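Position one of the sequence shown corresponds to residue 1 (the UniProt record's numbering), numbered consecutively onward.
Cβ atoms here follow ideal geometry from the backbone N, Cα and C, with glycine treated the same way.
In this text, all values refer to a predicted model and were calculated from it rather than measured experimentally.
To start, the structure itself, in structure tokens.
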Amino acid sequence: VPGKPGSNLLLYLIVGGTVTGTGVYVRCLNKCAFIGEGLSDLFPAALGARPDVPSHVPFLLIGGGTAAFAAARSIRARDPGARVLIVSEDPALPYMRPPLSKELWFSDDPHVTETLRFKQWNGKERRYVSLGQERQRRGSIKKLLMIKVVHMDVRGNTVKLNDGTQISYDKCLIATGGSPRNLPAIERAGKDVQQRLTLFRKIEDFKSLEKISRQVKSITIIGGGFLGSELACALGRRAQTRNLEVIQLFPENGNMGKVLPEYLSNWTTEKVRREGVNVMPNAVVKSVSVSGNRLLIKLKDGRKVETDHIVAAVGLEPNVELAKSAGLEVDSDFGGFRVNAELQARSNIWVAGDAACFYDIKLGRRRVEHHDHAVVSGRLAGENMTGAAKPYWHQSMFWSDLGPDVGYEAIGLVDSTLPTVGVFAKATAKDTPKSATEQSGTGIRSESETEAEASEVPVSPSSSLTPQVPKEGEDYGKGVIFYLRDKVVVGIVLWNIFNRMPIARKIIKDGEAHADLNEVAKLFNIHED
């Protein structure tokens with residue numbers, strides 16, 4: 001290396017680098033990675049200079065996803081002088097994941113994987129950018145990217161990085177998220193099958209699958225939940241104009257079978273089929289192998305499926321590797337780090353996001369895998385790390401869109417094994433995800449929802465019409481589905497009803513038994529037209 005006689009060139013060889021909108025981050029052999037604020041930061045790294053890693057930080061955030069970013073913002077809001085360090089093994093700053101299975105697939109841009117530009121349902125163009133690209137005040141938040149915390153000493157308040165560096169902390173947040181689950185049948189199948197498999201989670205997965213969808217003749221999606229159904233609709237819509245076969249298979253009786261009541265799950269399944277998808281319910285994968293140039297999926301009931309590529313969308317496995325060295329408890333039922341209502345695992349350790357199994361003071365112990373929960377729990381953890389001592393009560397919401405025409409928002413415990421009461425009405429042209437984003441001005445509906453209170457939402461006078469449960473075969477245009485436990489509403493799905501989530505949140509917060517849910521449904525103005 002010039003200017004460093006006798007130094008080991010290989011030690012400082014750059015093995016990866018990416019130019020971003022805010023700077024350059026590089027990866028060197030045996031050295032940690034960092035993000036710089038300008039191109040000039042690349043050159044010291046090439047000469048082997050270490051980034052400025054503090055030996056001690058007041059606030060250490062392990063993980064670089066949405067929860068960590070929300071916590072960092074929350075800490076800084078309550079303590080403007082706070083010094084925060086984010087350590088993440090990801091190569092990018094936190095970013096919004098929802099468009100990866102929604103709007104990006106409907107882009108008309110042939111170079112969408114490069115530009116990441118897409119039109120929201122409301123027609124407004126948006127570039128898919130990192131959450132972390134908003135400017136922070138100088139020196140307030142530092143990030144170490146592409147580096148992993150491998151050991152945690154809770155008693156000594158220190159962590160060890162995978163390059164041997166040790167950092168001590170006063171308070172720590174674990175926001176390590178989760179990794180996509182795979183099917184045992186696929187894991188046993190060998191490398192030839194693994195090379196034709198996508199575990200969909202990150203921007204890189206979108207880019208890869210988008211390219212694959214242009215090259216192969218058949219894609220099979222395994223999984224009938226949120227992600228699997230959204231991807232099936234997106235690829236199905238694309239297949240209508242290309243020579244592409246899209247298959248979706250899952251063990252449940254219908255799409256979203258673990259969430260929606262049976263009649264609505266069946267309707268959703270038909271909706272996905274109308275999008276051009278060959279939906280195969282009650283399908284349990286027995287084995288996967290290579291047959292000729294194709295993949296052969298054998299199901300337990302004897303059916304066989306031939307395809308070119310598989311997308312496994314079967315949930316997340318929380319990343320809890322630190323539990324062993326830290327002596328932290330992992331919940332045996334839900335998975336994830338077990339924490340209290342304040343999201344604490346120890347007096348100075350908090351957990352947020354997908355990896356947190358928390359106690360909800362209204363609904364009991366839970367673990368939630370949704371974007372809005374990462375925002376809500378990260379924000380609460382940040383507040384509590386600065387002394388707020390607040391319990392988890394502000395229910396996060398989640399949403400799913402089956403294209404621009406059908407979507408729903410949900411809150412609380414939405415489990416198809418619970419008793420439900422559904423009240424529906426005929427939909428109008430404005431009862432669609434597309435219309436909802438036109439009214440709110442944002443494609444990420446939780447951005448506005450999480451801050452609102454029920455009192456801020458205008459409610460029209462109750463309609464004189466009496467809501468009716470739809471008859472079998474009717475079109476479920478829009479409606480409210482109440483999920484009950486001991487006659488108390490614990491979950492609500494708003495089907496093609498938007499901008500009413502604060503009302504649903506208040507109903508769950510009140511925790512009251514309702515004699516007539518038809519009257520409660522009127523609060524959502526489903527008959528206002």
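- Under the three-state reduction of DSSP, L61 is assigned to strand.
- For L183, there is no enclosing alpha helix (DSSP H), since its DSSP letter is neither H nor E.
- For M256, no beta strand (DSSP E) segment is defined, and its DSSP state is neither H nor E.
- Fewer than three beta-carbon pairs drawn from the region 257-270 and the region 232-247 are found closer than 8 Å, and the two stretches are therefore not classed as touching.
- Collapsing the DSSP output to three states places L244 in coil.
- The C-beta distance from C172 to L60 rounds to 5 Å, short enough to fall under 8 Å.
- Look at I222 here: in three-state DSSP terms it is strand.
- As computed with DSSP, G364 is found in a beta bridge with D360.
- Distance from the Cα of V284 is smallest, within the candidate group I186, V112, L116, V246, for I186.
- Contact between G65 and A504 fails: their C-beta atoms lie close to 26 Å from each other, not under 8 Å.
- Within the region 144-168, the runs of beta strand (DSSP E) at least 3 residues long that lie entirely inside it are, in chain order, 149-153, 158-161.
- Apart from sequence neighbours up to five positions away, the residues of its chain that approach N384 with a beta-carbon distance below 8 Å are E342, L343, Q344, W350, K390, ordered along the chain.
- For R78, the uninterrupted alpha helix (DSSP H) run begins and ends at 66-78, by DSSP.
- Cβ neighbours of V154 within its own chain (closer than 8 Å, five residues either side excluded): A326, G327, L328, R346, I349.
- Around the beta carbon of Q195, fewer than 16 other beta carbons sit within 10 angstroms, so the residue counts as exposed.
- The Cβ atoms of N319 and G223 do not sit closer than 8 Å to each other.
- Here R294 is bridged, per DSSP, to S291.
- Under the three-state reduction of DSSP, A341 is assigned to coil, being neither helix nor strand.
- Taking the C-beta atoms as reference points, S287 is found no nearer than 8 Å to K304.
- DSSP places P318 inside the beta strand (DSSP E), whose first and last residues are 316-318.
- Beta bridge pairing from DSSP links Y483 with T420, G491.
- Taking C-alpha positions only, C357 is separated from A175 by approximately 12 Å.
- Counting the other CB atoms within 10 Å of its CB gives Q395 a total of 16 or more, which places it among the buried residues.
- Taken atom to atom, the span from the alpha-carbon of K300 to that of N255 is near 19 Å.
- With contact defined as three or more Cβ pairs closer than 8 Å, the region 203-221 and the region 244-254 are in contact.
- Taking the C-beta atoms as reference points, V493 is found no nearer than 8 Å to Y392.
- The Cβ-Cβ distance between A425 and G479 falls below 8 Å.
- A410 and G387 have their C-alpha atoms some 31 Å from each other.
- Residue pairing for C172: DSSP places it in a beta bridge opposite L60, I349.
- Counting every other CB atom within 10 Å of its CB across the protein chains shown gives H111 a total below 16, marking it as exposed.
- Within the model, the alpha-carbon separation for M280 versus G81 is close to 55 Å.
- By the criterion of a C-beta distance shorter than 8 Å, V216 is surrounded in its chain by L244, D308, H309, once the five residues flanking it on both sides are discounted.
- Pairing D79 with V159, the inter-Cα distance amounts to about 23 Å.
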